[in-house]
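Each remark here refers to the structure printed beneath this line.
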Amino acid sequence: MLVPSLAVWLSFGSLALAGPLRAEPLSDDFPSYEQIVKRQDGACTNTARTRSCWSDGYSIATDFDAKAPPAGNTVTYNFEITNVTQANPDGSGTSKEMMLVNGQYPGPTLRAKWGDTVIINVKNSLAHNGTGIHWHGLRQLNTCQNDGVPGITECPIAPGKTRQYKWRATQFGTSWYHSHFSAQYGDGVVGPIIIDGPSTANYDVDLGALPITDWYYRPAFTLNEIAQHSTRGPPTPDNLLVNGTHINAANDNGQYARMNVVKGKKYRIRLINTAVDSTFSVSMDGHPFTVLTSDFVPIKPYVTDQLTLQIGQRYDVVITANQTVDNYWFRVAVGSCGSNAMTTSGKTLGAILHYDGAATTGNPKSTTTVTMRTSCDDELSSNLVPFVPNTVPSTVMGDVQGHKMAIDSFADPAKNNLFRWLIDGTPHIVDWNDPSLETALAGSKDFGPNGNVYTMDGSGWYMWWIQSTSKIALPHPIHLHGHDYYIVGRGSGTWDGSTNGLNFNNPTRRDTAVLPAGGYMLIAFPADNPGMWIMHCHIAWHASQGLSLQFMERMGEIKGKLGDTSILKNGCDEWDSYWAEGSAPDADRPYNQTDSGI
């Protein structure tokens, strides 16, 4: 079944921690970093008027990369992934073969508090597919074995088997979980993550997550095969969904998602782009956004009338319900890059903001003066200023020429125009039977000819120069596992090696940002999380076509930092029993791996 309407399933409200109020709270809706750090630690508790507070010694001014609250509660979830055939959620009148978490789309919201330990038991009840669940943006400090990437940090979970993931919520904010088994998440294996914590602006009610995705009527694996051999690019989406629902442009069936508000209150909305191939811009008629975060990173609040979300990105925003009691459009525009165009027949794409007391039937009649963006550019870095300031040491520039990653592409006419994205001449293709983490734990550096391994041996900072060299000039949302990265520079064309225009002083940091079409991006981050971490384009087709690499970070310390890794061996033994050993194609296997596996 589908998740109920937004007004029902996002009914958690805001959470306030109990505890004595030991000082006058800040009255300003937007307290500054300087104001907060001058206040005695724990001098107030988290309420609608003091969202910057959290608990003794921890607030929005805490650098969560440096410390997190002491271990809190242990929160446990049980997920079962099953095959389901059901009506498309946009009222098209057709059915779709889906793979769902606990029988619903989107999957259940995983919610915890900053500092909690989270345990998720994932049972694979799929008929044929393996699976593995990645917790997008979670740092996984010293828990690389729980990152959920088949072929990198684990073998796939075999049908009929269960795997337990366990990690600490050392960050707070909004994200999502999704399958990292080939293109599987495009068939429905996705859901929101909310880690409650402090905020850079005040609000009354937390409406929860608002996932936005493109939607295809055919199965993702079918489309993935088409995309790999197409000379015209991937197939076009059939529709988009907001919180798992939308109308159908052809017949007006289906329904818009609704957000219910009461006049006079402030509401937090957690925007997530969970798409396969689409960039979205969003706005709310008459209700500007106060932006609080970029991915998990709290930022200095700023006000805007629209936001652009790349695949995998999240923005938490606050709106004020200060307009006439009525219904208002939440508008979504689809980026014009790639193969994202979809038929709308003049219908509004988006959802409905419904005021208590307004009409409960019919669509909004609100209008907008906002010209919706259809470019696939990121939000301006000048707006995305981290609330907790950090600097990148300029010494990282010393090795940047040796840390270039050239992104190119190739279609092989001898293999029915098999299309591959290349990094430094090689597509990344994982071996589901032999995950990289298992190789590293064994002390080996033999990751195969398509391992795309980049080594980070030291404990200092590293700068990486990502350069698009392909004749196919497309933007790529680049997602890094195990870290947030600092965007030191970005632009069109080829970087000339100059430091002019680069920003080392509190630059934007996040886990997903766009590499401009035909351009470059300079990113930096410290090697402070031993493990095997992939970095990849989050366009699902591109990742399947090889646009990925992996960092081997402080290899000599991985075994000591990760502790018990027996779950890795046990999972691989179960997968090996299911996935017959041997060279593909193998008649004993239920199917063969035909893409990168990521």
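As numbered in mature numbering (1 follows the signal peptide of the UniProt record, and there is no 0), residues -18 to -1, 1 to 580 make up the sequence shown, in order.
The beta-carbon is built from N, C-alpha and C at its ideal position, and this holds for glycine as well.
Here the structure is a predicted model, which means the values were calculated and not measured.
Residue i - DSSP class collapsed to helix/strand/coil
i	result
K543	helix
S548	helix
G500	coil
Q380	Reading off the sequence, residue 380 comes out as Gly, not Gln. Helix.
N242	strand
I411	coil
K49	coil
K329	coil
S559	helix
P395	helix
F401	strand
T451	coil
A495	strand
A506	strand
Q68	strand
F61	strand
Beta-bridge partners of residue i, as assigned by DSSP
i	result
L423	Answer by DSSP bridge pairing: none, since L423 is not bridged.
G513	E535
S321	BP columns for S321 are empty, so no partner.
A94	I177
V187	Y249
T227	V224
V300	R250 and T272
P193	I254
Q527	None, per the DSSP bridge assignment.
W16	Correcting the residue type first, residue 16 is Glu in the shown sequence and not Trp. Per DSSP, none; premise fails for E16.
V435	Q532
H160	H116 and V172
Q146	N103
P368	I281
T290	S263
D461	Sequence inspection shows His at residue 461; the Asp mentioned does not correspond to that position. T494 and H518, per the DSSP bridge assignment.
Y468	R491 and A506
Distance between beta carbons of residue j and residue i, contact taken as under 8 Å
i	j	result
A191	T91	6 Å
A231	K329	5 Å
P138	G114	5 Å
V367	I281	6 Å
W523	P216	5 Å
G119	S157	4 Å
K95	N55	7 Å
Spatially closest choice to residue i from the options, by CA coordinates
i	options	result
R472	G464, V435 and W446	W446
C358	F271, T290, G73 and L504	T290
A333	K347, T325 and N322	K347
Q153	N233, T218, T275 and N60	T275
L189	Y199, D178 and T195	D178
A393	T349, G119 and I454	I454
G344	L419, P431 and D234	D234
T29	A43, P180 and R93	P180
K148	V57, Q210 and S157	V57
Y284	T576, T349 and D298	D298
residue 623	M324, N309, D360 and L366	Shown here, the chain extends from -18 to 580; a query on residue 623 therefore has no answer.
V258	G440, S265 and A202	A202
D466	G483, Y444, P457 and Q127	Y444
L331	T377, A422, M266 and C554	M266
G294	G528, P572 and R492	R492
K541	N242, A422 and V131	A422
Residue i versus residue j: straight-line alpha-carbon distance, rounded
i	j	result
Y315	N552	Residue identity check: residue 315 is Ala in the sequence provided, not Tyr. Looking at the two C-alpha atoms, the distance is approximately 45 Å.
F312	V300	14 Å
A303	V273	16 Å
W(-10)	Y87	Below a pLDDT of 50, predicted positions are generally treated as unreliable, and W(-10), at 33, falls in that range; the measurement from the model is reported next regardless. C-alpha separation (whole angstroms): 12 Å.
R4	Y185	Per-residue confidence for R4 stands at a pLDDT of 30, beneath the threshold of 50, marking its modelled position as unreliable; the derived number appears in the next sentence. Spanning the two alpha carbons is a distance of roughly 21 Å.
W197	D416	33 Å
S34	V172	30 Å
Y167	W403	20 Å
N432	A53	40 Å
S474	P508	26 Å
F46	M438	22 Å
G545	P512	12 Å
D577	S526	5 Å
T326	L550	46 Å
R355	A495	17 Å
D360	K397	35 Å
H336	Q305	11 Å
Q575	G73	33 Å
C26	K247	22 Å
Cβ-heavy atom distance, residue i to the ligand PLP, below 7 Å
i	result
V244	Absence of the ligand PLP is noted for the structure shown, with no ligands found whatsoever.
Proximity test, Cβ basis, 8 Å: residue i and chain D
i	result
T218	Here there is only one protein chain, and chain D is not present.
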